[in-house]
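J.: Take 116 as the starting number for the sequence shown in this note's numbering and just add one per residue. Even glycine gets a Cβ: it sits at the ideal position worked out from N, Cα and C. These numbers come from a predicted model, not from an experiment.
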Amino acid sequence: MCGICAYQGPETKAVEIVIEALKRLEYRGYDSWGIAYKPAHLDQNKPQEIEIYKEVGKIGDFKSSYDQFGKSSFAIGHSRWATHGGVTKRNAHPHISENKEIVLVHNGIFENYLNFKKYLEKKAHTFKTETDTEVIAHLIEEHYKTHSFEDSVKLAVKEIEGRYAILVINNKDNTMIAARKGSPLIIGVGKSKGEYFIASDIPAFLPYTNKVVYLDDNQMVIVENQKIRFFDNSTQQAIEKRIIEIDWDIESAEKGDFDHFMLKEIMEQKDTLSRSINQDPITINKVARAIENAHGTYLVGCGTAGKVCMVAEYLFAKIAHKHINFSFGSEFPYHQQFINNKTLLIAVSQSGETADTLEALEVAQKKGAKIISIVNVEGSTMARMSDIVIPIKAGPEKAVASTKATTSQLAILTMLAYACDGGVEKGKQLLIATAGQINDMLNPRYENHIRKLARKIRKIESMYIIGRGANFPMALEAAIKLQEVSYIHAEGFAGGELKHGPIALISEGTPVIALVPNDETTKEIISNATEIKARGGYIIGVSSENHPVFDYWIRVPDTGATSPIINIIPIQILAYQLAVLRKNNPDMPRNLAKSVTVK
Ligand code: M6R
Numbered sequence: 116m117c118g119i120c121a122y123q124g125p126e127t128k129a130v131e132i133v134i135e136a137l138k139r140l141e142y143r144g145y146d147s148w149g150i151a152y153k154p155a156h157l158d159q160n161k162p163q164e165i166e167i168y169k170e171v172g173k174i175g176d177f178k179s180s181y182d183q184f185g186k187s188s189f190a191i192g193h194s195r196w197a198t199h200g201g202v203t204k205r206n207a208h209p210h211i212s213e214n215k216e217i218v219l220v221h222n223g224i225f226e227n228y229l230n231f232k233k234y235l236e237k238k239a240h241t242f243k244t245e246t247d248t249e250v251i252a253h254l255i256e257e258h259y260k261t262h263s264f265e266d267s268v269k270l271a272v273k274e275i276e277g278r279y280a281i282l283v284i285n286n287k288d289n290t291m292i293a294a295r296k297g298s299p300l301i302i303g304v305g306k307s308k309g310e311y312f313i314a315s316d317i318p319a320f321l322p323y324t325n326k327v328v329y330l331d332d333n334q335m336v337i338v339e340n341q342k343i344r345f346f347d348n349s350t351q352q353a354i355e356k357r358i359i360e361i362d363w364d365i366e367s368a369e370k371g372d373f374d375h376f377m378l379k380e381i382m383e384q385k386d387t388l389s390r391s392i393n394q395d396p397i398t399i400n401k402v403a404r405a406i407e408n409a410h411g412t413y414l415v416g417c418g419t420a421g422k423v424c425m426v427a428e429y430l431f432a433k434i435a436h437k438h439i440n441f442s443f444g445s446e447f448p449y450h451q452q453f454i455n456n457k458t459l460l461i462a463v464s465q466s467g468e469t470a471d472t473l474e475a476l477e478v479a480q481k482k483g484a485k486i487i488s489i490v491n492v493e494g495s496t497m498a499r500m501s502d503i504v505i506p507i508k509a510g511p512e513k514a515v516a517s518t519k520a521t522t523s524q525l526a527i528l529t530m531l532a533y534a535c536d537g538g539v540e541k542g543k544q545l546l547i548a549t550a551g552q553i554n555d556m557l558n559p560r561y562e563n564h565i566r567k568l569a570r571k572i573r574k575i576e577s578m579y580i581i582g583r584g585a586n587f588p589m590a591l592e593a594a595i596k597l598q599e600v601s602y603i604h605a606e607g608f609a610g611g612e613l614k615h616g617p618i619a620l621i622s623e624g625t626p627v628i629a630l631v632p633n634d635e636t637t638k639e640i641i642s643n644a645t646e647i648k649a650r651g652g653y654i655i656g657v658s659s660e661n662h663p664v665f666d667y668w669i670r671v672p673d674t675g676a677t678s679p680i681i682n683i684i685p686i687q688i689l690a691y692q693l694a695v696l697r698k699n700n701p702d703m704p705r706n707l708a709k710s711v712t713v714k
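1. Measuring CA to CA, which of Gly610, Lys571 and Asn400 is closest to leucine 693?
2. Tell me which residue opens and which closes the beta strand (DSSP E) that tyrosine 311 is part of.
3. Please name the residue in Lys541, Ile683, Val478 and Ala293 whose C-alpha comes closest to that of valine 631.
4. Could you pull out every unbroken alpha helix (DSSP H) segment of at least 4 residues lying fully inside the region 424-466, listed in chain order?
5. Count the other CB atoms within 10 Å of the CB of tyrosine 142; is the residue buried (16 or more) or exposed (fewer)?
6. Following the continuous beta strand (DSSP E) through threonine 412, name the residue where it begins and the one where it ends.
7. So what's glutamine 334 in DSSP terms, helix, strand or just coil?
8. Taking only runs of the beta strand (DSSP E) that begin and end inside the region 544-583, which ones reach a length of at least 3 residues, in chain order?
9. How is asparagine 214 classed by DSSP in three states: helix, strand or coil?
10. Going straight from the alpha carbon of isoleucine 486 to that of lysine 422, what length do you get?
11. Listed by chain order, which residues have C-beta atoms less than 6 Å from any heavy atom of the ligand M6R?
12. CB-CB under 8 Å to glutamate 646, same chain, minus the five flanking residues each way: which ones, in chain order?
13. Report the option in Val463, Lys356 and Ile150 whose CA atom is closest to the CA atom of leucine 414.
14. In chain order, what are the residue ranges of uninterrupted beta strand (DSSP E) at least 3 long that sit wholly in the region 128-170?
15. If threonine 529 sits next to glycine 542, beta carbons under 8 Å apart, how far is it from one beta carbon to the other, in whole angstroms?
16. Between which two residues does the alpha helix (DSSP H) carrying asparagine 643 extend?
17. Quick one: Cα of serine 194 to Cα of isoleucine 134, how far?
18. With a CB to CB cut of under 6 Å and the five nearest residues on each side skipped, what residues in its chain are close to glutamate 606?
19. Can you tell me where the beta strand (DSSP E) with asparagine 715 in it begins and where it stops?
20. Name the one or two DSSP bridge partners that asparagine 222 has.
21. Can you list, in chain order, the residues of its chain with a C-beta nearer than 6 Å to that of glutamine 465? Leave out the 5 residues immediately preceding and following it.
22. To the nearest whole angstrom, what separates the beta carbons of phenylalanine 453 and glycine 411, a pair I think is in contact under 8 Å?
23. Are tyrosine 329 and lysine 356 touching if we call contact CB-CB under 9 Å?
24. Helix, strand or coil, according to DSSP, for alanine 353 in the structure here?
25. Beta strand (DSSP E) containing proline 626: first to last residue?
26. How many angstroms separate the CA atom of methionine 556 from the CA atom of valine 671?
27. Between histidine 253 and histidine 221, what straight-line distance do the alpha-carbon atoms span, to the nearest angstrom?
28. What's the C-alpha gap between aspartate 372 and leucine 378?
29. Roughly how far, in whole angstroms, is the beta-carbon of glycine 200 from the beta-carbon of leucine 137, given that I think they are within contact range, below 8 Å?
30. Give the straight-line distance between the Cα atoms of glycine 510 and proline 318, rounded to the nearest whole angstrom.
31. Please report the straight-line C-alpha distance between valine 338 and tyrosine 311, rounded to a whole angstrom.
32. Checking contacts by CB at 9 Å: is isoleucine 681 closer than that to chain C?
33. Are at least three pairs of beta-carbons, each pair with one atom in the region 270-289 and one in the region 222-238, less than 8 Å apart?
34. Can you give the Cα-Cα distance for isoleucine 284 and cysteine 120, rounded to whole angstroms?
35. Using the beta-carbon count (16 or more within 10 Å), is asparagine 456 buried or exposed?
Have a look at this one:
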């Protein structure tokens, strides 16, 4: 959700570097974009007008030559996902202050911006946009009348309420200042002397460097005179930060020969499961002990990660005979009466930056609870807030619809359930076997079989998915996958719930996907499918065996307790195929963002 990137260094193609970096952040979701830069031919130490260029729509549509911008060694960029004010060129970032001295990009929400807007209007500031961001630029300029640039930014960040990441430049010198609270900012340390990148996510600058510094909440970075300094806004002290070398390579963050990231990431599940279960046994046993000793464990996640937590609730009950609570991140604060210093919160997240889940962590932290996170993005905010981190190790996931991170999260939680039962090795063996089955399953013939179904149902308006036990949350997840990228109305239900209401929605030809594992739910879910068929429903069975009730059979291997992992994969493929047939962009579905950093 919104992307920031900036370059300062010896290269004279800063604009190109920043626009290309914005393209690599496209997966975050956005509706407009813009850059600000200082032309290199000007005397950098004299006040100068900063050039600004903005567009509505996709950066991929920007076909002009970079020559129009001339040479520059200093540029910032932003991709905007509209919150305050419509999707217009004017509302796109960067925003500029009254006297054009301050230019700024911003992710997040300046919650108390209206108070400051009124205050600044009284001081003769005029606003050209409806955005909260423009107010920050004016606010900094107001301080700049009596303070240094750095102090002006420091004063402003004290005044901003809400979660944000800002990046500010001025017209007098080549200082860049970035500050964060609740929205990610990472500094890339380039290979040349004095070369720095600032971005919301690592892939933005991955072609140039894998040396990074993670900015924490209430921290600020100042890039000036070819050096960087860090400052803690809560203690008002200068701080030292560690440079970390990450092991992502650019290929893992690119599409390669695939048409879309979503398909690439679905196919990567041939390997990702094995990678994710390759965990330090000491950490796994430590987490199992923490679950044993906790007076109440909450699994917390949002969207797909939330559905994974719901599956885990069933797995812990069945495998470890252990009751674990579940809450969506956004609902967790309403449970806080039950949280204390003996509670354990396990956060599940691909990005580690989801605002609602982060809020749950903050609530739990305040109550003294122990926090464990299962996250994909190394060094993310959640990881850094946690007592123990289990890395998902799925590699960068760029398509908005989560696929490989989902199955890896499920694998880790399955392994944890076995660890709680004292059988971590048994769980691992089962998952290794499952990984092998996924490898066999993901072949072109399988894709074709699902594409055939996608062609058959591509024009339908609604579809339903049913499951029982651990496959009930997977039915909910299947619905999310189909909604997100195909835009078909899809809903998941517990098989037994249909007759309590939703069965009224079934008419002749309504497609219903039944998740039919070979376990204690088989007989009942088949009988639910039969009830639907009797009302005209078209039954698509995801199962290791063909049942007479199925109108279309999608075969999956029988992997026992890992059926939620196996069963979701064909639905991911179906959702992808439907998106393509319906001419939707599966990587960047409308209205959605990869990382939901606003509440
Ligand atoms: O990064 P997270 O796993 O915390 O994200 C949580 C949800 O926003 C995410 O799973 C969302 O539901 C996906 N787009 C689903 O495919």
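T.: Inspection of the coordinates gives the following:
1. For leucine 693, the closest C-alpha among the options Gly610, Lys571 and Asn400 is that of Lys571.
2. 311-314 is the span of the beta strand (DSSP E), which, as asked, contains tyrosine 311.
3. Closest by alpha carbon: Ile683.
4. Secondary structure within the region 424-466: not one fully enclosed alpha helix (DSSP H) run of 4 or more consecutive residues is present.
5. Around the beta-carbon of tyrosine 142, 16 or more other beta-carbon atoms lie within 10 Å, marking it buried.
6. 412-416 is the extent of the beta strand (DSSP E) around threonine 412.
7. Annotated three-state conformation of glutamine 334 is strand, per DSSP.
8. If you keep only unbroken beta strand (DSSP E) runs of at least 3 residues inside the region 544-583, you get 577-582.
9. DSSP places asparagine 214 in coil when its eight states are reduced to three.
10. Spanning the alpha carbons of isoleucine 486 and lysine 422 requires a straight line of approximately 19 Å.
11. With 6 Å as the limit, the residues whose C-beta approaches any heavy atom of the ligand M6R more closely are Cys417, Gly418, Thr419, Ala420, Ser464, Gln465, Ser466, Thr469, Thr472, Val515, Ala516, Ser517, Ile595, Glu599, Ser710 and Val711, in sequence along the chain.
12. Excluding residues within five positions, the ones whose Cβ falls inside 8 Å are Leu613, Lys614 and Ile618.
13. When each option's Cα is compared against that of leucine 414, the closest is Val463.
14. With a minimum length of 3 residues, the continuous beta strand (DSSP E) runs that stay inside the region 128-170 are 147-154.
15. 6 Å between Cβ atoms; contact.
16. Where asparagine 643 is concerned, the enclosing alpha helix (DSSP H) stretches over 637-649.
17. About 10 Å.
18. If we look at glutamate 606 and ignore the five residues flanking it on each side, its Cβ neighbours are Tyr579 and Ala594.
19. Residue 715 lies beyond the residue range present for the chain, which begins at 116 and ends at 714; the question has no answer from this structure.
20. Its beta-bridge partners are Ala280.
21. Excluding sequence neighbours, glutamine 465 sits near Asn491, Glu512, Ser517 and Ala520.
22. 6 Å between Cβ atoms; contact.
23. Contact check for tyrosine 329 against lysine 356 passes: the beta carbons are separated by less than 9 Å.
24. In the structure shown, alanine 353 sits in a strand (DSSP, three-state: E or B).
25. Boundaries of the beta strand (DSSP E) around proline 626: 626-631.
26. Cα to Cα, the separation comes out at about 8 Å.
27. When rounded, the distance between both Cα atoms is 13 Å.
28. The alpha-carbon atoms of aspartate 372 and leucine 378 are separated by roughly 10 Å.
29. With 8 Å as the limit, glycine 200 and leucine 137 do not qualify as a contact, their Cβ atoms being about 20 Å apart.
30. Going from the Cα of glycine 510 to the Cα of proline 318 covers about 11 Å.
31. Annotation: valine 338 to tyrosine 311 spans about 8 Å, alpha carbon to alpha carbon.
32. Annotation note: the requested chain C is absent from the structure, which comprises a single protein chain.
33. Yes: the two stretches touch, three or more of their Cβ pairs being nearer than 8 Å.
34. Straight-line Cα distance between these residues: approximately 13 Å.
35. Exposed, since its Cβ has fewer than 16 Cβ neighbours within 10 Å.
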